[in-house]
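**Student:** As numbered in our numbering, residues 2 to 277 make up the sequence shown, in order.
A virtual CB, placed ideally from N, CA and C, is assigned to each residue, including glycine.
I have a structure I would like to understand better, so I am pasting it below and will then ask my questions one at a time.
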Amino acid sequence: MAIALALLVALFAGVSDFLGGFSSRSMPAMAVSAAAHACGFVFTVAFALVIGGSPIWADLWWGTAAGVGSAVGLTAIYTGYARSTVAIVAPVAGVGSVCVPLLWAALDGDHLSSQGWAGVGLGVFAILLVSLSHGATQGSALKAVGYGLIGAIGLGFLLLAFSRSSDGSGIWIVAPSRLSGLAVLLVMLRLTHRSFTIQRSVLPTVVLVAALSSSANGAYAVATREGSLATVAVVASMFPAITVLMAWVVLKERIRSIQLTGIVVAMLAVGLIAAS
């Protein structure tokens with residue numbers, strides 16, 4: 002059950018991130034992310050009412066903290082997709098984000114086997130491979146890695162926070178994250194003097210992004226209660242495979258051999274950890 006939900010998280014998150022990044026090519030990434038958070042709150046409350054559950058105060062506090070990570074992480078990823086190479090940003094964000102919940106799991110007693118830690122080491126090596134893009138200048142490749150690492154930190158904290166949901170809380174932990182993330186993004190928009198106006202042509206895509214990301218967050222929160230945090234977090238981090246595949250199919254973005262090797266190594270790392 003936990004693995005199936007984690008795979009669903011990877012699928013929803015991968016498609017959502019691609020669509021969010023695609024929308025950010027015509028609008029500021031912060032505006033897209035803010036709109037997705039606003040719509041996501043509506044979807045989350047609707048889903049939570051249907052699923053049921055009784056949250057405690059700790060769920061609301063962890064959810065609020067998760068929203069900060071969501072705002073920072075998704076904005077960095079969307080910006081990276083719009084301004085650099087998806088095939089670099091996505092794997093860096095995916096492999097990097099899993100390190101935060103893995104470290105917490107290790108400190109909390111959810112220890113990985115030697116095979117699992119080998120997977121973590123392999124994941125770090127994958128980051129190095131995907132950053133060595135011969136198809137881009139050194140500066141643009143480093144910029145893409147930078148966006149990916151910022152996204153990894155934000156999403157990693159989000160993954161950790163959502164894993165702290167209490168038994169019987171349903172997916173209510175996701176609701177406050179949408180509000181706190183929206184608040185952070187509105188402040189960022191204000192400070193950078195950017196408009197929050199959403200183009201009508203982009204609105205359907207933003208609504209779809211909100212529905213997919215809210216579903217992914219809710220499924221992840223439930224999955225971490227059903228299985229090991231380390232296993233669920235790693236399987237969920239397979240979302241870059243979906244994102245890169247969509248970039249290749251939709252945007253015709255070329256995946257060079259060294260990038261492809263890095264992506265394959267990243268997926269192998271995920272498999273090693275999940276099987277440990």
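Please classify ILE174: does DSSP put it in a helix, a strand, or coil?
**Tutor:** coil
**Student:** What residue range is occupied by the uninterrupted alpha helix (DSSP H) comprising ASP60?
**Tutor:** 58–84
**Student:** Just the Cα atoms here: how many angstroms apart are LEU9 and LEU183?
**Tutor:** Distance between the alpha carbons of LEU9 and LEU183: 25 Å.
**Student:** Closer than 7 Å by C-beta to SER181: which residues in its own chain qualify, once you throw out the five before and the five after it? Chain order, please.
**Tutor:** THR65, GLY68, VAL69
**Student:** Quick check on GLN200: does DSSP put it in helix, strand or coil?
**Tutor:** coil
**Student:** May I have the straight-line CA-CA distance separating ALA231 from LEU103, to the nearest angstrom?
**Tutor:** 5 Å
**Student:** How is the alpha helix (DSSP H) around HIS194 delimited, first residue to last?
**Tutor:** Element bounds for HIS194: n/a, residue is neither H nor E.
**Student:** Under three-state DSSP, which class holds PRO29?
**Tutor:** coil
**Student:** Going straight from the alpha carbon of ALA36 to that of ILE199, what length do you get?
**Tutor:** 8 Å
**Student:** Can you have a look at ARG179 and say buried or exposed, based on whether 16 or more other CB atoms are within 10 angstroms of its CB?
**Tutor:** By the neighbour-count rule (16 or more Cβ atoms within 10 Å), ARG179 is buried.
**Student:** Between the alpha carbons of SER170 and PRO56, how many angstroms are there, rounded?
**Tutor:** Going by C-alpha positions, SER170 is about 4 Å away from PRO56.
**Student:** Using 8 Å as the cut-off, can you tell me whether the stretch 24–40 makes contact with the stretch 260–272, which would need three or more C-beta pairs spanning the two stretches below that distance?
**Tutor:** no
**Student:** Is the beta carbon of LEU273 sitting closer than 8 Å to the one on LEU123?
**Tutor:** yes
**Student:** So, are the CB atoms of THR225 and SER164 less than 8 Å apart?
**Tutor:** yes
**Student:** What span of residues does the alpha helix (DSSP H) with SER229 cover, start to end?
**Tutor:** Where SER229 is concerned, there is no enclosing alpha helix (DSSP H), given that its DSSP letter is neither H nor E.
**Student:** Applying the criterion that 16 or more other CB atoms from any shown protein chain within 10 Å of the CB defines a buried residue, is MET2 buried or exposed?
**Tutor:** MET2 is exposed by the Cβ-count criterion.
**Student:** I need the straight-line Cα distance from PHE13 to ALA276, nearest angstrom please.
**Tutor:** In a straight line, the C-alpha of PHE13 is about 22 Å away from that of ALA276.
**Student:** Between GLY22 and TRP173, how many whole angstroms is the CB-CB distance? I'm expecting something under 8 Å.
**Tutor:** About 28 Å separates the two Cβ atoms, so there is no contact after all.
**Student:** Round the Cβ separation of ALA267 and GLY95 to the nearest angstrom and send it over; I've been treating them as touching at under 8 Å.
**Tutor:** 7 Å
**Student:** Roughly how far, in whole angstroms, is the beta-carbon of ALA127 from the beta-carbon of PRO92, given that I think they are within contact range, below 8 Å?
**Tutor:** 6 Å
**Student:** Determine, using beta carbons only, whether ALA32 and ARG195 come nearer to each other than 8 Å.
**Tutor:** yes
**Student:** Do VAL188 and SER215 have their beta-carbon atoms positioned less than 8 Å apart in this structure?
**Tutor:** no
**Student:** Among THR86, PRO205, GLY97, which has the Cα closest to the Cα of LYS144?
**Tutor:** THR86
**Student:** If the criterion is Cβ atoms closer than 8 Å, does the pair ALA212 and PHE44 meet it?
**Tutor:** Here ALA212 is near PHE44, since their CB atoms are less than 8 Å apart.
**Student:** Is the Cβ of ILE174 closer than 8 Å to any Cβ of chain C?
**Tutor:** Any reference to chain C falls outside this structure, which holds one protein chain only.
**Student:** Using a Cβ-Cβ cutoff of less than 6 Å, which residues in the same chain neighbour GLY162 once the five nearest sequence positions on both sides are dropped?
**Tutor:** The question names Gly, but residue 162 in the sequence shown is Ala. Excluding sequence neighbours, ALA162 sits near TRP63, ALA66, ALA67.
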